[in-house]
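Everything below concerns the one structure shown next.
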Amino acid sequence: MSGHSKWATTKHKKAALDAKRGKLFARLVKNIEVAARTGGGDPAGNPTLYDAIQKAKKNSVPADNIDRAVKRGSGAEAGGAEYQSIMYEGYGPGGVAFLVECLTDNRNRAASDVRLALTRNGGSLADPGSVSYLFERKGIVEVPAEGTNEETILEAVLDAGAEEVEAHGDVFVVTSGPSDVISVRTALQEAGIDYNSAEVEFQASTEVEMDVEGARKVMRLIDALEDSDDVQNVFSNMTLSEQTQAALEEE
Numbered sequence: 001m002s003g004h005s006k007w008a009t010t011k012h013k014k015a016a017l018d019a020k021r022g023k024l025f026a027r028l029v030k031n032i033e034v035a036a037r038t039g040g041g042d043p044a045g046n047p048t049l050y051d052a053i054q055k056a057k058k059n060s061v062p063a064d065n066i067d068r069a070v071k072r073g074s075g076a077e078a079g080g081a082e083y084q085s086i087m088y089e090g091y092g093p094g095g096v097a098f099l100v101e102c103l104t105d106n107r108n109r110a111a112s113d114v115r116l117a118l119t120r121n122g123g124s125l126a127d128p129g130s131v132s133y134l135f136e137r138k139g140i141v142e143v144p145a146e147g148t149n150e151e152t153i154l155e156a157v158l159d160a161g162a163e164e165v166e167a168h169g170d171v172f173v174v175t176s177g178p179s180d181v182i183s184v185r186t187a188l189q190e191a192g193i194d195y196n197s198a199e200v201e202f203q204a205s206t207e208v209e210m211d212v213e214g215a216r217k218v219m220r221l222i223d224a225l226e227d228s229d230d231v232q233n234v235f236s237n238m239t240l241s242e243q244t245q246a247a248l249e250e251e
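Position 57 (the sequence shown) corresponds to 57 in UniProt numbering; numbering is contiguous.
Listed below in structure tokens is the structure:
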């Protein structure tokens, strides 16, 4: 699941992780291709492409895959697809709200995949606008915690539009307005602070707390949604207590 909810560290079996890694590579490569098509193939003049490449590198996507995606997107190499960005809205178990962000070259397939994943896992599609008001767009820059601290990061980004810095396990998450994410990332670089990713995400303004059984159901739904090659990101407004998170991590 995209975002930084407290249960994101829940353990999974290695086979599941390997499968998710393959899906992740495909999504990151698709992001690069779309960024190159939209803003050109030069990362120096295309901040969105720069950040897409940075995220891919941080997730160990091979350099050849990255290079080919840039070339396909910029038109330097044949084979690029015409992807459309589509956002689906829905509800899951316990009334948890979902935003499902897709990049697809087949709208009908994407819609079918999302609808099927929802209905088979206790959820349903919602009308456009009926869920999105529960979320707001935020710039999210993720900084590895090793070698730095919250005060150092805050000092670097305070004048760049950052709203807050929070510790989440082995990373710090810097939140800003969506239009300030590039200036925040640039401020970190100028201060010599490494970062994992910089992008615009959706954060819930109203959260729904789930117990262990409810969380399992929601996570099964998220897994089903992420099985679709068209799904790029899944955002929900589920939150868990520390006790529930601990119980899930023991499984």
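Where a beta carbon is used, it is the ideal one built from N, C-alpha and C, also for glycine.
- Message: Given a cut-off of 8 Å on the beta-carbon distance, is the pair residue 28 and residue 71 in contact?
- Response: In this structure, residue 28 lies away from residue 71, with their beta-carbon atoms at least 8 Å apart.
- Would you mind stating whether residue 197 and residue 136 have Cβ atoms separated by less than 8 Å? In this structure, residue 136 does not lie closer than 8 Å to residue 197 by Cβ.
- Alpha carbon of residue 233 to alpha carbon of residue 155, nearest angstrom: Straight-line Cα distance between these residues: approximately 30 Å.
- Can you give the beta carbon distance from residue 215 to residue 120, rounded, assuming they're within the 8 Å contact cut? Not a contact, Cβ separation roughly 18 Å.
- Task: Report the option in 167, 249, 240, 101 whose CA atom is closest to the CA atom of residue 230.
- Result: Shortest Cα-Cα distance from residue 230 to any of 167, 249, 240, 101 involves 101.
- Item | Contacting residues, own chain, Cβ-Cβ under 8 Å from residue 200 (five flanking each side not counted) | These residues qualify, in order along the chain: 137, 138, 139, 140, 178, 181.
- residue 73 beta carbon less than 8 Å from that of residue 93: Not a contact, by the Cβ cut-off of 8 Å.
- Query: In terms of residues, what are the limits of the beta strand (DSSP E) holding residue 85?
  - Reply: Counting along the chain, the beta strand (DSSP E) containing residue 85 begins and ends at 84–91.
- Item | Rounded C-alpha distance that separates residue 203 from residue 34 | In a straight line, the C-alpha of residue 203 is about 23 Å away from that of residue 34.
- Task: Can you say whether residue 250 is buried or exposed, counting buried as having 16 or more other CB atoms within 10 angstroms of its CB?
- Result: It is exposed - the Cβ of residue 250 has fewer than 16 other Cβ atoms within 10 Å.
- Supposed contact pair residue 172 and residue 163 - C-beta distance, whole angstroms, cut 8 Å: Wrong, their Cβ atoms sit about 13 Å apart, outside the cutoff.
- Grouping DSSP H, G and I as helix and E and B as strand, with all else coil, what is residue 14? Residue placement at residue 14 cannot be trusted, given a pLDDT of 42 that sits under 50; the coordinates are not used to answer.
- residue 199 - partner residues in DSSP beta bridges: Answer is 140.
- Query: Exposed or buried, residue 21, counting other C-beta atoms within 10 Å across all chains shown (16 or more means buried)?
  - Reply: Residue 21 counts as exposed, since fewer than 16 other C-beta atoms from the protein chains shown sit within 10 angstroms of its C-beta.
- Task: Quick one: residues in its chain with C-beta nearer than 6 Å to the C-beta of residue 41, no 5 flanking neighbours on either side, listed in chain order?
- Result: Scanning its chain for C-beta atoms nearer than 6 Å, with the 5 sequence neighbours on each side dropped, one finds around residue 41 the residues 70, 74, in chain order.
- Query: Hey, how far is the Cα of residue 147 from the Cα of residue 24?
  - Reply: Our two residues, residue 147 and residue 24, have alpha carbons roughly 27 Å apart in a direct line.
- Item | For residue 204, the residue or residues it bridges with in DSSP | Answer is 135.
- Query: Looking only at its own chain, which residues have a Cβ that is under 8 Å from the Cβ of residue 26, when we skip the five neighbours before and after it?
  - Reply: Annotation for residue 26: 229 place their beta carbon closer than 8 Å to its own, counting only its chain and skipping 5 residues before and after.
- Would you be able to state if there are at least three C-beta pairs under 8 Å between the region 128–135 and the region 74–91? The region 74–91 and the region 128–135 touch, with no fewer than 3 CB-CB distances between them shorter than 8 Å.
- Query: Can you pull the DSSP bridge partners for residue 172?
  - Reply: In the DSSP output, where bridge partners are listed per residue, residue 172 has 143, 167.
- Query: Between the C-alpha atoms of residue 58 and residue 109, what's the straight-line distance to the nearest angstrom?
  - Reply: Distance from the CA atom of residue 58 to the CA atom of residue 109, rounded to whole angstroms, is 30 Å.
- Message: I need the DSSP call for residue 244, collapsed to helix, strand or coil.
- Response: In the three-state reduction of the DSSP assignment, residue 244 falls in the helix class.
- For residue 124, which residues does DSSP report across the bridge? Within the DSSP secondary-structure output, residue 124 pairs in a beta bridge with 91.
- Query: Which partner residues does residue 260 have in the DSSP bridge list?
  - Reply: The structure shown does not extend to residue 260, since the chain is modelled only from 1 to 251, so the question has no answer here.
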